[in-house]
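Please read the structure below before turning to the comments.
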Amino acid sequence: MNRDTRCIEYRFILSLILTSLILAAEVVGGLWTGSLALLSDAAHVFLDLFALGVSYTALRLTALSPDDRHTYGFHRLQVLAALLNGATLLLVAFEIFREAWERFHHPAPVLAGPMLAVAVIGLVVNLMVALVLREHDHHDLNVRSAFLHVLGDALASVGVIVAGLVILATGWLWMDPLISVLIALIILLGSGRVLREAVHILAEGMPEGMTATQVAERMGQVAGVKEVHDLHVWTVSPGYVAFSAHVVLADQVLSQAQSVMDSLKQVLAEEFEIEHTTIQFECESCGQGAMVCVNGD
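The opening residue of the sequence shown carries number -18 in our numbering; numbering runs sequentially from there.
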């Protein structure tokens, strides 16, 4: 593990500790004050904590080498964890909606002062976590996703603070369930995005922003390529894309074929960010029913 990776790992550990403290404080504070908004924010903090945990786990797992039984390594574990997390958060969001509906019809007393204090503490610690992660968020997509999760929770904490101030100033108890609904919507959108991406990856989906036809057509433009068929591109885990294809060449010596191979790999890496490639050369045209068939020059 290099020095930069170890530095990121330490920052993740510190962020996990701070976020766990926020979660504990908001759960205890929400139960004590009777604030649904605070408990809703705690649910959102749980999302952040899980996101940090997944990101940290991904960082650790990338250091493990594939073995005889796991030839791709353990990258899919983070996708399965994200799927479970997204499903759990859907249930949390709907429970917040249900409880908020009850609070709108039967307002419950809220200790606005303590609620406000806990929310301020949560906001301060969230900003601290954001600062811890900020140094690496532009260089690592994994860190950036965790950083954005934390910023989202800081925004939710601001909402709880606004609710606390309004209740203190006006006594409007309906502000508590209203802010809870807004936080639940944030959770719902976040969990939906997580579920959509996880299901897409587990279904061996193409990476976002490309199609098999686009890749095959670009490969067909490489000098020496006659046809491309049986092309497959799939996401093993976020940032890890696998590729296989059959490429038809004119009859030629092996050294010339290697030059074509190098050009194809360069195109796939530089233009499509595909590093893990398996390319099979052929000297026959593809038959009927091929997955993708593109004639080259």
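A virtual CB, placed ideally from N, CA and C, is assigned to each residue, including glycine. On a predicted model such as this, the values are computed, not experimentally measured, just so you know.
Ignore the nearest five residues each way along the sequence and tell me which others in residue i's own chain have a CB closer than 6 Å to its CB.
i, result
"Q269", "Legend: pLDDT at Q269 = 46, less than 50; position of this residue unreliable, value from coordinates given subsequently. Hits under 6 Å: none found."
"P188", "T216, V222"
"L71", "S172"
"V9", "none"
"C264", "D232"
"H56", "V217, S218, Y221"
Is the CB-CB distance between residue i and residue j below 9 Å?
i, j, result
"A100", "I142", "yes"
"A32", "E7", "no"
"T0", "V131", "yes"
"L40", "L58", "no"
"A193", "S244", "no"
"G171", "L28", "yes"
"L212", "G67", "no"
"K207", "L230", "yes"
"V209", "F224", "no"
Apart from the five residues on each side of it in sequence, which residues of its chain come closer than 7 Å, Cβ to Cβ, to residue i?
i, result
"E256", "A250"
"G155", "Per the sequence shown, the amino acid found at residue 155 is Trp instead of Gly. Only F85, P88 meet the Cβ criterion."
"F78", "V162, A165"
"A137", "D22, H25, I164, I167"
"H120", "Note that H120 has pLDDT 47, beneath the 50 cutoff, so the model's placement of it is unreliable and the number below is only indicative. There are no such residues."
Whose CA, out of the options, lies closest to the CA of residue i?
i, options, result
"L159", "S21, Y221, I(-2)", "S21"
"L169", "M242, V73, R79, A226", "V73"
"E254", "M191, L4, S236, L17", "M191"
"L149", "G94, T194, E178, Y221", "G94"
"K246", "Q233, D232, V228", "V228"
"E185", "S218, G173, Q233", "S218"
"A226", "I102, G54, I167, M242", "M242"
"T258", "M200, I182, K207", "M200"
"D157", "L45, V91, G10, D232", "V91"
"G34", "A62, V209, T69", "A62"
"I102", "T69, E198, A5, T151", "A5"
"Q237", "R50, L2, H51, F262", "F262"
"A98", "I260, T14, H56, T151", "T14"
"V60", "F75, C(-12), H181", "H181"
"V196", "R174, V248, T151", "V248"
"E252", "E198, H210, H51", "E198"
Less than 8 Å between C-beta atoms, sequence neighbours within five positions excluded: which residues of the same chain meet that for residue i?
i, result
"Y37", "E(-10), F(-7), I(-6), L(-3)"
"F128", "A111, L114, R115, D118"
"S240", "G205"
"A135", "L104, N107, L108, A111"
"P47", "Y53, G54"
"L12", "L20"
"L2", "V106"
Could you give the C-beta distance for residue i and residue j, rounded to a whole number, given that I count them as a contact under 8 Å?
i, j, result
"G140", "M96", "G140 to M96, Cβ: 12 Å. No contact."
"L30", "A179", "Not quite, the Cβ-Cβ distance comes to about 18 Å (not below 8 Å), so this is no contact."
"L183", "E80", "32 Å between Cβ atoms; not a contact."
Next item on the list: Enumerate, from N- to C-terminal direction, the unbroken beta strand (DSSP E) stretches of 3 or more residues contained entirely within the stretch 11 to 94.
Entry: none
- Message: So within the stretch 188 to 222, which uninterrupted alpha helix (DSSP H) runs reach at least 4 residues, ignoring any that extend past its ends?
- Response: 193 to 201
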